[in-house]
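Report on the structure given below.
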């Protein structure tokens, strides 16, 4: 893992440990340890279990200290080989809970977006967001995420931001939704 600890609502087969949790040591296709393992492609992607956990399908990364995120990136299959399981609407959520994991209930939506292809999509937030945990929530289990990448101010420096096309998002604030 590059930064943080992965957690999720669960994982699809063939992952051997499919229940909700944090820090899944399994490394099979669709396991939530793949959420931030630094490897790309369908074989290194995460897909939620068929049954929701506490009413939601999600995968994310927690940190021991607060981090500020300016950009985020993900795809269904970043090299672009697979284009199924794009899901419908996706949400980036943040939590400032003292300890963030799959049981955290304090989440706030900061972005709403769709994947238009299986390839990598990079999103720029209009306002940087600070939190101890970030997760991507999807509406159903017919979704697949290849690497949740967060860019911004981390305790060990600033993560690089690749020079690529930014996709549009809706950002939810206390003032309403910004498009």
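In the numbering used here, the protein residues as written are 6 to 184.
Cβ coordinates follow ideal geometry from the N, Cα and C atoms, glycine included.
Computed from a predicted model, the values in this text were never measured in an experiment.
**Request:** Take every Cβ of the region 14–24, pair it with every Cβ of the region 56–64, and state whether three or more of those distances are shorter than 8 Å.
**Result:** yes
**Message:** Among the candidates 45, 136, 36, 127, whose CA atom is the shortest distance from the CA of residue 85?
**Reply:** 45
**Asked** Taking C-alpha atoms, which residue in 73, 40, 77, 11 lies nearest to residue 127?
**Response** 77
**Runs of beta strand (DSSP E) wholly within the region 85–127 (minimum 3 residues, chain order)** = Given a length threshold of 3 residues, each whole run of the beta strand (DSSP E) inside the region 85–127 is given here in chain order: 95–100, 113–118.
**Helix, strand or coil at residue 162 [DSSP, three-state]** = Bear in mind that the predicted position of residue 162 carries a pLDDT of just 45, short of 50, making it unreliable; the figure below should be weighed with that in mind. Shown here, residue 162 sits in a strand according to DSSP, grouped into three states.
**Request:** Would you tell me roughly how many angstroms separate the C-alpha atoms of residue 123 and residue 141, rounded to the nearest one?
**Result:** 16 Å
**Asked** Name the DSSP bridge partner or partners of residue 151?
**Response** When DSSP reads this structure, residue 151 sits in a beta bridge with 80.
**Asked** Under three-state DSSP, which class holds residue 48?
**Response** helix
**Request:** Please name the residue in 107, 43, 35, 89 whose C-alpha comes closest to that of residue 65.
**Result:** 107
**Message:** Taking its Cβ as the centre, do 16 or more other Cβ atoms sit within 10 Å of residue 60, making it buried, or is it exposed?
**Reply:** That one is exposed.
**Prompt:** What are the residues that DSSP puts in a beta bridge with residue 43?
**Reply:** For residue 43, which the question treats as bridged, DSSP gives no partner whatsoever.
**Request:** Determine the direct distance from the alpha carbon of residue 71 to that of residue 154, and round the result to whole angstroms.
**Result:** 16 Å
**Request:** Look at the alpha carbon of residue 99 and the alpha carbon of residue 79, and state the distance between them as a whole number of angstroms.
**Result:** 16 Å
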